[in-house]
Structures are given as C-alpha cells and as structure tokens.
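My numbering applies: residue 9 is where the sequence shown begins, and numbers increase by one.
Note that beta-carbon positions come from the ideal geometry of N, C-alpha and C, so glycine has one too.
What follows is a set of notes on a single structure, which appears directly below.
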Amino acid sequence: MITSSIRYEYPLLKVPSSLIIDDWSVVCLNEQGEVEYKKMRKILLGLLDLGVRGKLSLVPCIVSPRGEILGYVNKGIKGLPDNELAETLRLVREKAVEYFDITPEILTHSFVVDIGSNRTLSEKEWEWSQSQDLETLTKYIAKALEILKDVGVVANGVTSPCDFGREVEGIYARAVLEAEKKIYGIKLTWYFLNVERCSRRVTPRLMYFDKEKREAVVSIPSCSRDYLARSENPLKSIDNWITEDGSKGRLVDVCRNKSYIVFHTHWWSIQDEESIRALKEAITRINRYFNVVWMKCSQIARYFAATKTTKYEVLESNQETRIILEPLFTCENFTLSFEVNKPIRKIEINGRTLIYSTELKPNTWTIMDQRIYLCFNLSKRTVIKVEY
Ligand SMILES: [Zn+2]
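If you want it as structure tokens, here you go:
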C-alpha cells in the first residue's frame, strides 16, 4: 500500500530557488577600452549582501573588443595591478563560494582562443561551438576549468556564453562531464544554457546518466528573461518577475505550475544602485510570497539527479514497513512522502530514530492529511523502517 504512494518531494517541501549571475569577471572594459576592476569588485560585494544562493560566472580570459588577449585570471591581466587581482580572487575564494557556485562562462565570452597558439580566432565562441565534436569541446571547456582551478576555485559546472553548444547540446553536455572529470574528478555536473521564457513549467533536466559509472549531467535552465537588462525603470521592471502584491509575474506563473524558481541576470544589469536595489526588492518579494529554499545550482543539480535516479524497494508486514533506497548520488535534505492509514509508533533511518516534528525540518518526520513526510541526508544505502 505504501509502495504505490511513495513520492520524492522538494527538499523540506520548499521550492528550490537559485539566482544566476552571468558575465562577471575580475575586470570589465570601459568605453575607452580600459580595464576597470573597482566596479566589478563592488558588484561582487553587493551580490554577497543579497543572502541568496546561486551561480556567479568568472570569465577566465579577458579579450578586448578587437580580439587582443589582455590576460588570464590565473596569470595576470594587462592594466590590472597584481595585488588587486589577488584581492578580488581572495573575495571569490573566501566569500563568494559560500553563496554561489563559481563557473567559467567558457573561456572568453567572445572570440575563440586557439589553445595551441594562444591566439584568438575571428569566430565567437558561441558560433564556433555549434559544429564541434566531443573531443574539441572537452578540450576547450577543460582549458577554462583549469584556469579557475589554478586560482583555487572548484568550478563544478559551467555557464554557456550566449547559446554556446545549443545546436549540439547532447555532445556539449557530455563534454562538460568529460572536462569536469579531467580537471576536478567531478562526476555529477551541470550547466546553464537554456532560458525558457514561455514554458508553463520549468525544471532542471537530466541530460546524461550512467548508472554503472555514477555519472550525471544536469541542465539548469532559467525560467525568465533578464528584466533588469537595459531597464529604464528597474523597480517597475521587476514586476515582470513578481509584482509587489505577489499576484502576477513570470516567477509567480511558473511557481504555480510547480516549477523551480531559477532565474538570471547579468552584472551589467545591476551596476547602478537603483538596479541592485530593485533586485533586492524582487528577492524580498520571492521570500515573502513563496516558501523557497535558496540553493546553489550544484545543489539543485544534485537534488534533482538524486530524485531521478534513486531506486527503492518496499518490504511490508503488519507490524512494519521497510523502504530501502539505493542512491547513486548522495544529497542533503532528501524529502520523501507516502500515505498511511494506521498510527505510527516509530520511524528509523539506518537504525537511528527519526524525530517527529509538527513542521518538517532536517532529520525529522511529520504527518499531514494522512501522508508522512520525511527529511534526511541521503547516504549510500538507506533503510527507512516504519513501525506500527
Ligand atoms: Zn553571458
């Protein structure tokens, strides 16, 4: 009876939410083509102040609009004092990683670099990517990861500049995995490529999964366009995400259809006080109207992959039920539910009593409308024993 009613839920029954910040790096180029770092550092500090979790791009190689390579974040950048580069990278390593996954936005977010000769080609990365094979893409992505590894960052996923890899997405997904394995030994990875502005329901997607090798790649799409991009009136623009009364907006629509709330903006969309204040207000509204849990993209990928790949077996008798989960990926706050029609004496997870709570918290169980909800950290093999 329990068997048919088992369901994997959102973690802690809260909607997984994530804020994606694109295009950021240690410097930007101003209108005169000069390297500026103070602005980028200020934006970074502003992002840490938001209190949310998500993803931040760190573009590894800085290229001028004419295609001249100005430098790499691990080697130094023309026009940027080394001590200032070190200070920004320290903030990334010591502060930003608490809130955000740090990813490359492949190598330059503009011209392709020929890795052999270290020269730029005339093509842009997103144009070039659409006709590459697994080997070339893997090598290129690995180069970007290697640079971030060299500055002490674990980039567990990647961001696609523009629509990098869209026409060869299956190959691209595999290339991300191969590159992650090569540079970091990471076997559960993710990428951000897709923006689903119109879909009714937006969730991550398991793009690749190998049961034997315990490998998976998850695509994490954004559910909305960047409403702060080139906005004349940022505070008005965020109504497109969520209105002040929480009744309308793209995030409201997708959330009603049981979507994840993952949305994106760019550093250049939030470079003035008014825009960052508007983004803060959007976050306040999300926290006020939705029961969300802010997660890094890697946490979302892990949770999603766990719910899609964990098989279970149920053994039932009159006195007890055992649910045996065989996960391939561990994850925190794994939440599952099932129906019951008799009083429960006790629930044990791997031999340890799970505490009852009136409201679901980590490592507890609760009951609502004849449904039991449990939340626990999913380890290698988990036996849930329900005693009547
Ligand atoms: Zn971008």
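Which value, in whole angstroms, describes the spacing of the CA atoms of residue i and residue j?
| i | j | result |
| --- | --- | --- |
| L145 | L21 | 38 Å |
| P212 | R264 | 16 Å |
| Y216 | A152 | 22 Å |
| I392 | I380 | 12 Å |
| E400 | F119 | The structure shown does not extend to residue 400, since the chain spans only 9 to 396, so no value can be given for it. |
| I14 | Q378 | 13 Å |
| F346 | W373 | 11 Å |
| G54 | I284 | 8 Å |
| Y16 | I250 | 28 Å |
| P169 | N202 | 11 Å |
| T317 | K256 | 34 Å |
| P99 | W198 | Pro is not the amino acid found at residue 99; the sequence shown has Leu there. Answer to the nearest angstrom: the Cα atoms are 24 Å apart. |
| T167 | H272 | 12 Å |
| N164 | C36 | 24 Å |
| E92 | Y45 | 8 Å |
| I375 | R330 | 18 Å |
| A94 | V394 | 54 Å |
| I155 | L214 | 27 Å |
| V60 | R127 | 38 Å |
| C305 | W276 | 21 Å |
| Q327 | I357 | 16 Å |
Would you say the beta carbon of residue i comes nearer than 7 Å to a heavy atom of ligand 1?
| i | result |
| --- | --- |
| P169 | yes |
| D31 | yes |
| H117 | yes |
| E113 | yes |
Could you tell me which residues DSSP pairs with residue i in its beta bridges?
| i | result |
| --- | --- |
| D30 | H274 |
| L56 | Per DSSP, none; premise fails for L56. |
| L224 | The question names Leu, but residue 224 in the sequence shown is Ala. Note: A224 sits in a beta bridge opposite L196, F217. |
| P24 | V301 |
| T111 | S65 |
| T361 | E356 |
| C206 | In the DSSP output, where bridge partners are listed per residue, C206 has none listed. |
| C339 | L386 |
| S255 | Paired residues: none, contrary to the question. |
| F119 | K132 |
| G79 | I70, I85 |
| F346 | I380 |
| R174 | Its beta-bridge partners do not exist; DSSP assigns none. |
| V161 | Bridge partners of V161: none, in fact. |
| C36 | E44 |
| E334 | K319 |
| W373 | Y364, L382 |
| V391 | I332 |
Closest by CA to residue i, which one among the options?
| i | options | result |
| --- | --- | --- |
| V121 | W136, E356, K189, E395 | W136 |
| E321 | K219, G59, T390, R233 | T390 |
| L185 | N202, K221, L56 | K221 |
| Q138 | M303, T116, G178, K157 | G178 |
| I308 | Y297, N241, P229, I291 | P229 |
| K244 | E282, K83, K219, I269 | E282 |
| L142 | L323, G173, S267 | G173 |
| Y396 | K103, R353, N91 | R353 |
| V226 | E39, Y180, Q140 | Y180 |
| I10 | E367, N349, E356 | N349 |
| G124 | I246, Y148, V394 | Y148 |
| E334 | Y80, F200, S387 | S387 |
| C231 | T315, S239, R205 | R205 |
| K83 | K157, R101, G41, M48 | K157 |
| T338 | E113, K195, N126, Y45 | K195 |
| P19 | T329, I357, S365, R310 | R310 |
| R101 | V162, V67, T343, R61 | V162 |
| E113 | I355, V67, S207 | V67 |
| E367 | G59, V60, N126, C383 | C383 |
| K369 | L93, T343, Y45, Q40 | T343 |
| A314 | K219, Y235, E324 | K219 |
| E289 | Y192, V105, P242, R238 | P242 |
| E240 | L259, D280, K266, V210 | D280 |
| F200 | R258, I357, K63 | K63 |
| K103 | L58, F312, E39 | L58 |
Report back the beta-carbon spacing between residue i and residue j to the nearest angstrom; my notes put them in contact at under 8 Å.
| i | j | result |
| --- | --- | --- |
| G87 | V43 | 4 Å |
| I70 | S33 | 6 Å |
| V300 | S65 | No, V300 and S65 are not in contact; Cβ-Cβ is about 23 Å, not under 8 Å. |
| E340 | N385 | 5 Å |
| I399 | I51 | For residue 399 there is no data in the structure shown, the boundaries of the chain being 9 and 396. |
| A150 | A187 | 4 Å |
| Y453 | G359 | Residue numbering for the chain in the displayed model covers 9 to 396; residue 453 lies beyond these limits and cannot be assessed. |
| Q140 | V176 | 7 Å |
| L78 | V159 | Rounded, the Cβ-Cβ distance is 16 Å, inconsistent with contact. |
| I110 | V270 | Incorrect: roughly 17 Å between the Cβ atoms, too far for contact. |
| H274 | D234 | 6 Å |
| V262 | V210 | 5 Å |
| A286 | L236 | 6 Å |
Can you determine whether any heavy atom of ligand 2 sits closer than 7 Å to the C-beta of residue i, and answer yes or no?
| i | result |
| --- | --- |
| Q138 | This structure lacks ligand 2; its bound ligands are ligand 1. |
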